[in-house]
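Q: Residues in the sequence shown are numbered consecutively from 263, following the numbering used here.
Just passing along the structure, written as structure tokens.
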Amino acid sequence: MASVNPFDVSDSEEEAERRPNETVDTERSPSEGAPGPPPGNPFSPPADAEPPTLLLSSNRTSPSGEGMSVSAAAISAMAGVVETRVSVDVIAAQLLRDQYILTALEFHTELLEAGRELPRLRDYFSNPGNFERQSGTPPAKDQVLGPGGPLNRAGSISTLDSLDFARYSDDGNRESDERVAESEVACQERKNFKSSPEIQEPIRQLEKRALNFLVNEYLLKNEYKLSSITFSDENDDQDFELWDDVGLNIPKPPDLLQLYRNGGSTLSSPRDKVDASVGVAFGDLPGNCVAREPRKKPDLSQQQQSEVVQELEYQLNLLNSEKQSLAEQIKKLQSEIQILKKSVSSPPPANLELCSSSSSSKPCSTNPPSVPSLDNGQYLDIRGVLEAGNDLVSTSTQNTSQSQQQTCNKATSQQRVQFDQPNRKLSPAFQQALLSFCRMCSESRLGAEVSRIADSEESVMLMLGRCLPHIVPNVLLAKREELIPLILCTACLHPEPKERDQLLHILFNLIKRPDDEQRQMILTGCVAFARHVGPTRVEAELLPQCWEQINHKYPERRLLVAEACGALAPYLPKEIRSSLVLSMLQQMLAEDKADMVREAVVKSLGIIMGYIDDSDKYAQGFELMLLSLGDPSERVVNAVHQVFIPAFAAWTTELGTLHTALIPSLLARIEKLLTQGEHGLDEHKLHVFLSALQSLIPPLFAVVLQNAPFTSRAKPHEDIPAIEVTRFPRPASPLQDMAIIIGNRELLSSLLLLYDHQLEHEGTTGWESLLWVVNQLLPQLIEIVGRINVTSSTCVHEFSRFFWRFCRTFGKIFTNTKVKPQFQEILRLSEENVDASAGNGILTKATVPIYATGVLTCYNQEEDRKLLVGFLEDVMTTLSLSHAPLDSLKASFVELGANPAYHELLLTVLWYGVVHTSALVRCTAARMFELLVKGVNETLVAQRVVPALITLSSDPEISVRIATIPAFGTIMETVTQKELLERVKMQLASFLEDPQYQDQHSLHMEIIRTFGRVGPNAEPRFRDDFVLPHLHKLALANNSQSVEGKRIDIAIHLFEAYSALSCCFISEEVMVNHFLPGLRCLHADMEQLSPEHEVILGSMIKECEIKVENRGISDAQGSISIASSLVGEDAKTKFLSKMGQLTTSGAMLANVFQRKK
């Protein structure tokens, strides 16, 4: 006996008897619509009836096309007809009937994963009515019933999250508590549901953010601005200007008022009707089921009736507005028809008559080829084509005048596409009904857009304007830049200003935090838009978008605004450029906290300065330059020098104020700074002003060239030699390149030839710009240089670089004939002025190092190097013989010593001092070696420095020998060659141990000072074996010093040396034998000479004694641990040797670890 499918029989015999005539449904045609409950809730049973049981039926059809009843299927199965396969639809129906909802859901999921979606399950789970959750009261007559009884609506459907907000956004903010409940399906349409007052779930985070956005929008639209500000402050973690910040990957929903109006009705309006079913087809119900009950009018309460009335009134208003718009469109189309009729001189061809009807119709005229199409944003509607059937069949009576007119307009723009027509005699009504079985969706917004094909540029723009706001939120953030061309093209060509504004708003809010490449793409699009639409629309449409985002919370968005202001500057009206845009950038420069935003602001300001032509804005530009130069960020200051200052200088050049206002203003600020900072100069401000002056050197030289007597004779031609690569300093940016400032390299080369010739042969008569540089700028700069502190290495370095760039830019002839003479006149280095105290004051100031390092090093030819060597030798001789401070000479050596190219030159200068006849000069040379040793390589130290120092250490004058000690100490600190160190050590030992130096108080002072300076950084062996023992001897000898003045001097220097050396690691032996005894000797001196030092020395001694004691205890513990470790090492060695004697057999290896028995 064949097995019987249990799903094909009824649950009871009584049930089978009640439906003897039930048959299986055949496949439904599309004309019947999707299975589902009628609007009047036909599944509602009588009040006294029991909840019906929905019976399943098979959707499979027999080969003959006839249905088979369930009972017949059972009988045939019992008779031996074997059914080889059970339909999945049958299984689904049985699960739904028996209320195995979760099992059905799992079954539905598995079918989806297998690519076999079942319509029954899809319709069931996509219908929210199947999951309604009501209170515990009995079901009303109009209540929607699920299979087996009323189903309560899920709680989450009653929230804003039901509006398809449950999908995650693609910006990464995925909260685990936002998952959809298991009984919900993400694809269902959830609209117009009222929440149950008895059951309310806690609000979710996404729901809260969405509601916050809508509430804030409502407050703003209704002029509750203060409430909106307070509400925003209380929700400062949310950006109320950007819907994407909510975290949902869906378009923005309607505003709160629209949601209230649409959400107040329990009955769905026809325009929002969704084709859905409860999961069991209507035909599957038994013959005596509720479907056969007469339809009863729902018993609506008073509130429900009022809601229905409101909904109907709302629909009526919509229909009236639609009626008015259609009437206006009809009038417009009729006027266009009249225009077309007048423009046609001959009757249209027969094959283009598309608008004929069976009774009466107006012939459709077409344009001749010379007449342009007057189509105004209409479409080829495929719905209208289907209704029309074909051009050989009469137009259906259902066609509206609008669809007819659309077809006529299409005929005027291009020829109608012809299709082959069958030789049939079907009636139009039959043909229309037959074509209705084609499954097409045109009821939704998207379906309406798809069913229409734009037939003109304007209609394409209108379509894009409608569709893009819906497309953008559903595109991945990482790929949204692909939409930029589409958005921009639509915004350029769209006829409606409101739509254009919306599209540009989408463009600037396209990506939450655009990266560099995405910003470049958006800016490129903005520039293309500006070029296309002109300055008026740029001002009216693009600038408001920038203004809205000027205070955006994300720096990337503010950066986009800053960059856009510069990129759009050439395309703005000049009044807006110099007022609104300049004010926007000034505000961002002063208030924005992000360095990268201020950097972009500075660059955009530079671009604005390149296009501004309002001379009244000069003062504002100068203040902006000073403000940006004082920015704490280095990248902002670099942008000022690279972009803003060159652009501002180019503008002042055109105004003629570069050398009359801009440079003098900076010089005045520097002089004021020097006057105010006599007791403490603000070096940062000095650097700011001087760096600005340095960036103005190329524009100043361009002014000199462009206003020269020979400018009119400069003509570029091929015979002019190319400019040397090293002619000008390397520019900080292309805007400081002289070739770019002048215009081209050929013209610059021609001007330079004439410039050198003019300076060398013809002079500067009548050359006002150059005369200002020579007679006003240079003297003022040299005066400023003489006022700065020579001991400030920063100031000396800044001014040296300035003069170096100045001389290199203006050229060698200018430097030799104009700059050097002015310095030499002031310095007055002649021998007869050596003893004149008034003439040597300038030699002790910063003028010497700046002239040596900034002017004399500009050119590196042999004569230039000789001039530098001679100048330094003269300065060293002059200062030494006049007993003047050596600070200016030291500053020169430090600045030049930083460049290895000048080491040989400096050693030549020092050797001149070593062999000088004057002991004062030899002493100065010995002290200069100390400055030079640190930067010179060890080869030069061994070959040039140490021999010179050895020579000086045997000098007849004791002062010269003493002056070599710091240099020897520096060698011990920096050199690593052992042989060299031994030579230096021997020389220092001779100073300490030779009896002739026993009473040399100044020598001992210098040695102690040197040991304290170099001891912490010297080699440990040198420190332990040489420095500390000799310090101990000196401290011991000082106890017996009879001269109190010498004793206190030695004691103070020993205290400083021991304080520096106490931070070093000292071995216990040296600590006990030398360091502690030396401290005790020094302590004995300080008890008598300086009680305040005695207290500090006492604490130092106690600390050292504690270190020695602790080290002894740790050594004892360490010996125990060493012994134990030796035992452990011995055991490990024995074990490994035992392992080495084994073979690789696993069994033998295991025997090693077996316990002996």
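Backbone N, C-alpha and C define an ideal beta-carbon position, used for all residues, glycine too.
This one's a predicted model, so the numbers in the text were calculated from it and none came from an experiment.
Following the continuous alpha helix (DSSP H) through Tyr-1174, name the residue where it begins and the one where it ends.
A: Taken as a continuous stretch (DSSP letters only), the alpha helix (DSSP H) holding Tyr-1174 covers 1165-1176.
Q: Are the CB atoms of Leu-373 and Val-350 nearer to each other than 8 Å?
A: Cβ distance < 8 Å, so Leu-373 and Val-350 count as in contact.
Q: Quick check: what's the CA-CA separation for Lys-865 versus Gly-828?
A: Rounded to the nearest angstrom, the two C-alpha atoms are 7 Å apart.
Q: When the Cα atoms are used, what is the spatial distance from Val-987 to Arg-1063?
A: Using only the alpha carbons, I get a separation of about 19 Å.
Q: Could you check how far apart the C-beta atoms of Ala-859 and Leu-847 are, in whole angstroms? I think they sit under 8 Å.
A: At residue 859 the sequence reads Val, which differs from the Ala that was named. Not quite, the Cβ-Cβ distance comes to about 11 Å (not below 8 Å), so this is no contact.
Q: Could you check where the alpha helix (DSSP H) with Thr-752 kicks off and where it finishes?
A: It spans 746-755 - the alpha helix (DSSP H) in which Thr-752 sits, taken as one unbroken run.
Q: For a quick check, are the C-beta atoms of Leu-367 and Phe-387 less than 8 Å apart?
A: For Leu-367 and Phe-387, yes; Cβs fall inside 8 Å.
Q: Check for me: the alpha helix (DSSP H) holding Gln-938 runs from which residue to which?
A: That run of the alpha helix (DSSP H) goes 925-938.
Q: Between the Cα of Glu-569 and the Cα atoms of Ile-1004, Asn-524, Val-1117 and Leu-745, which residue gives the shortest distance?
A: Here the closest residue by C-alpha is Asn-524.
Q: Just the C-alpha distance for Val-508 and Asp-777, rounded to the nearest angstrom, thanks.
A: Distance between the alpha carbons of Val-508 and Asp-777: 21 Å.
Q: Whole angstroms are fine: how far does the CA of Ser-1055 sit from the CA of Phe-1068?
A: The straight-line gap from Cα to Cα measures roughly 20 Å.
Q: Please list, in chain order, all residues of the same chain as Gln-904 whose beta carbon is under 6 Å from its beta carbon, the five residues on each side excluded.
A: Ala-994 and Ser-995.
Q: So does the stretch 1210-1229 actually touch the stretch 1191-1200, counting three or more Cβ pairs closer than 8 Å?
A: Yes, since at least three Cβ pairs between the stretch 1210-1229 and the stretch 1191-1200 fall closer than 8 Å, the two stretches touch.
Q: Rank Gly-1025, Leu-920 and Gln-1258 by C-alpha distance to the C-alpha of Pro-971 and give the top, closest one.
A: Nearest option by C-alpha distance: Gly-1025.
Q: Quick check on the burial criterion: 16 or more other C-beta atoms within 10 angstroms. Buried or exposed for Arg-359?
A: Counting Cβ neighbours within 10 Å, Arg-359 comes out buried, since at least 16 surround it.
Q: Let me know if Pro-991 comes out buried or exposed under the rule of 16 or more other beta-carbons within 10 Å of its beta-carbon.
A: Classification of Pro-991: buried, given that the 10 Å Cβ count is 16 or more.
Q: Can you look up Glu-1024 in the DSSP assignment and give me helix, strand or coil?
A: Looking at Glu-1024 - three-state DSSP - the assignment turns out to be helix.
Q: Is the beta carbon of Tyr-880 closer than 8 Å to that of Leu-822?
A: Taking 8 Å as the Cβ cut-off, Leu-822 and Tyr-880 do not qualify as a contacting pair.
Q: Return the first residue and the last residue of the alpha helix (DSSP H) that Phe-1327 is part of.
A: Premise fails: Phe-1327 is in no alpha helix (DSSP H) and is neither H nor E.
Q: Leaving out the 5 sequence neighbours to the left and right, which residues in its chain are closer than 8 Å to Leu-755 when beta-carbon positions are compared?
A: Correct list, in chain order: Glu-719, Glu-720 and Met-723.
Q: Do you know offhand how far Val-477's Cα is from Lys-593's?
A: If I take the Cα positions, the gap works out to 41 Å.
Q: Please confirm if the stretch 1134-1152 is in contact with the stretch 1102-1122, defined as three or more CB-CB distances below 8 Å between the two stretches.
A: The stretch 1134-1152 is in contact with the stretch 1102-1122.
Q: Once you ignore the five residues that flank Ile-1003 on each side, which residues in its own chain have a CB closer than 7 Å to its CB?
A: Closer than 7 Å at Cβ, skipping near neighbours: Pro-960, Pro-961 and Ala-964.
Q: With a CB to CB cut of under 6 Å and the five nearest residues on each side skipped, what residues in its chain are close to Ala-1225?
A: Counting only Cβ-Cβ distances below 6 Å, and skipping sequence neighbours, we find Cys-1185, Ala-1188 and Arg-1189.
Q: Looking only at its own chain, which residues have a Cβ that is under 6 Å from the Cβ of Val-902, when we skip the five neighbours before and after it?
A: Result list for Val-902: Val-864, Ser-890 and Leu-891, in chain order.
Q: In three-state terms, what does DSSP make of Asn-389?
A: Asn-389 falls in the coil class under three-state DSSP.
Q: Hey, is the stretch 1297-1312 in contact with the stretch 1334-1352, meaning 3+ C-beta pairs nearer than 8 Å?
A: Judged by Cβ distances under 8 Å, the stretch 1297-1312 makes contact with the stretch 1334-1352, as three or more pairs qualify.
Q: Glu-1008 by DSSP, collapsed to three states: which one?
A: DSSP places Glu-1008 in helix when its eight states are reduced to three.
Q: For Ser-1144, does the three-state DSSP call read helix, strand or coil?
A: Residue state, collapsed to three classes: coil.
Q: Which complete alpha helix (DSSP H) runs does the stretch 742-830 hold, if anything under 4 residues is left out?
A: Counting only runs of 4 or more, we get 746-755, 759-770, 778-795, 805-810 and 817-829.
Q: Where Gln-780 and Leu-745 are concerned, what is the direct C-alpha to C-alpha distance, given to the nearest angstrom?
A: Their backbone Cα atoms lie some 11 Å apart in a straight line.
Q: Measure the C-alpha to C-alpha separation of Val-1183 and Lys-1074 and round it to an integer number of angstroms.
A: If you take the alpha carbons of Val-1183 and Lys-1074, they lie about 33 Å apart.
Q: Quick one: give me the first and last residue of the alpha helix (DSSP H) that Pro-1228 is part of.
A: Element bounds for Pro-1228: 1227-1236.
Q: Would you kindly work out how many angstroms separate the C-alpha atoms of Leu-488 and Asp-501, rounded to a whole number?
A: About 17 Å.
Q: Between the alpha carbons of Val-1466 and Leu-928, how many angstroms are there, rounded?
A: What the structure shows of the chain is the stretch from 263 to 1419, and residue 1466 is not part of that stretch, so it cannot be assessed.
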